[in-house]
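J.:
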Amino acid sequence: MELLPALARWIHFLAGITWIGLLYYFNFVQMAALKDAGADGTAAGITKHVAPRALLWFRWAAVVTWLAGAALLGGNLGDAFMLRNGYEAIGIGAWLGTIMLFNVWALIWPNQQKILGMVPADDAAKAKARRVAMLASRTNVMLSIPMLFFMANGLSHRAVLGF
Amino acid sequence: MKNPLESVAGTIISGLILTVVLVFFLKNFLVAGV
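So the sequence lines, in the order shown, correspond to chains X and U.
If you number the first sequence the way the working numbering does, the last residue is 156 and the count never jumps.
If you number the second sequence the way the working numbering does, the last residue is 93 and the count never jumps.
1) Can you tell me where the alpha helix (DSSP H) holding residue 72/X begins and where it ends?
2) Does any CB atom of chain U fall closer than 8 Å to the CB of residue 149/X?
3) If I follow the unbroken alpha helix (DSSP H) through residue 152/X, where does it start and stop?
4) Can you pull the chain U residues whose beta carbon is under 7 Å from the beta carbon of residue 55/X, in chain order?
5) Suppose only complete runs of 4+ residues qualify. What are the alpha helix (DSSP H) ranges in the stretch 78 to 129 of chain X, listed by chain order?
6) Of the residues 0/X, 143/X, 17/X, 7/X, which one's Cα is nearest the Cα of residue 83/X?
7) Please tell me whether residue 92/X has its Cβ less than 8 Å away from any Cβ of chain U.
8) Compute the Euclidean distance between the alpha carbons of residue 139/X and residue 65/U, then round it to the nearest angstrom.
9) My understanding is that residue 59/X touches residue 11/X, with C-beta atoms under 8 Å, so please give their C-beta distance in whole angstroms.
10) From the beta carbon of residue 21/X, is the nearest beta carbon of chain U less than 8 Å away?
11) Less than 8 Å between the C-beta atoms of residue 96/X and residue 117/X, yes or no?
12) So, at 8 Å on beta carbons, what are the nonlocal neighbours of residue 151/X in its own chain, with the 5 sequence-adjacent residues on each side left out?
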């Protein structure tokens, strides 16, 4: 049955682009924009109307990406995570993607809820949350670079790198 | 030393360096001799 892997690959790409696209938006656009918006008193436009919507798509796209990736690996999921039997390169990508999913749900989202006032937090807790969320988000940008290298590995990688 | 993740440029350079390190790891420890 070839339909399931084809669908899983398509969904994996669609959700992955949504997830990583929003990650890059947060890091390359929104962080700098919020700094400037805070200075002229317009930050609420971003924190109230843009960030919650972006975070909704971001965190659920991460889940769909992981699930579709797992479906695509199918019975080879174990080989990928054990880095063996020809699944070494995609396995490194799978590990990096899994660490990134953990960062989204365990570090970025809980701290963003405090920053955006979705859960109660005093100023000190908000300042700490801002720092943790920023570093977790930047860590995911850093990890996305090798993650995409190994996820996209194929014949061209093998020809150049010899694996 | 400043944390490289403080800046976008430092984050991207860190990601590129990590890619090279992981390729070395893959070639020398995971698929060596294949």
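Cβ coordinates follow ideal geometry from the N, Cα and C atoms, glycine included.
T.: So, from the data block:
1) Your numbering for residue 72/X matches position 79 in the first sequence. First-last of the alpha helix (DSSP H) with residue 72/X: 70 to 74.
2) The count along the first sequence starts at 1 and reaches residue 149/X at position 156. Closer than 8 Å: no.
3) For the purposes of this step, residue 152/X is identified with residue 159 of the first sequence, where counting begins at 1. 148 to 154 is the span of the alpha helix (DSSP H), which, as asked, contains residue 152/X.
4) For this step, residue 55/X is matched to residue 62 along the first sequence. Chain U residues near residue 55/X: none, gap ~18 Å exceeds 7 Å.
5) If we require 4 residues or more, the alpha helix (DSSP H) runs fully inside the stretch 78 to 129 of chain X come out as 81 to 95, 102 to 108.
6) Translated into positions along the first sequence, residue 83/X becomes position 90. Answer by Cα proximity: 143/X.
7) Here residue 92/X refers to the residue found at position 99 when the first sequence is read from its first residue. The beta carbon of residue 92/X sits no closer than 8 Å to any beta carbon of chain U.
8) Your numbering for residue 139/X matches position 146 in the first sequence. Your numbering for residue 65/U matches position 6 in the second sequence. Using only the alpha carbons, I get a separation of about 19 Å.
9) The sequence position of residue 59/X within the first sequence is 66, counting from 1. The sequence position of residue 11/X within the first sequence is 18, counting from 1. No, residue 59/X and residue 11/X are not in contact; Cβ-Cβ is about 13 Å, not under 8 Å.
10) Looking up residue 21/X in the first sequence gives position 28. Interface residue, yes.
11) Numbered from its first residue, the first sequence carries residue 96/X at position 103. Numbered from its first residue, the first sequence carries residue 117/X at position 124. No, the pair does not count as a contact, with Cβ atoms beyond the cut-off.
12) As a first step, residue 151/X must be located in the first sequence, where it is residue number 158. Same-chain partners within the cutoff: there are none.
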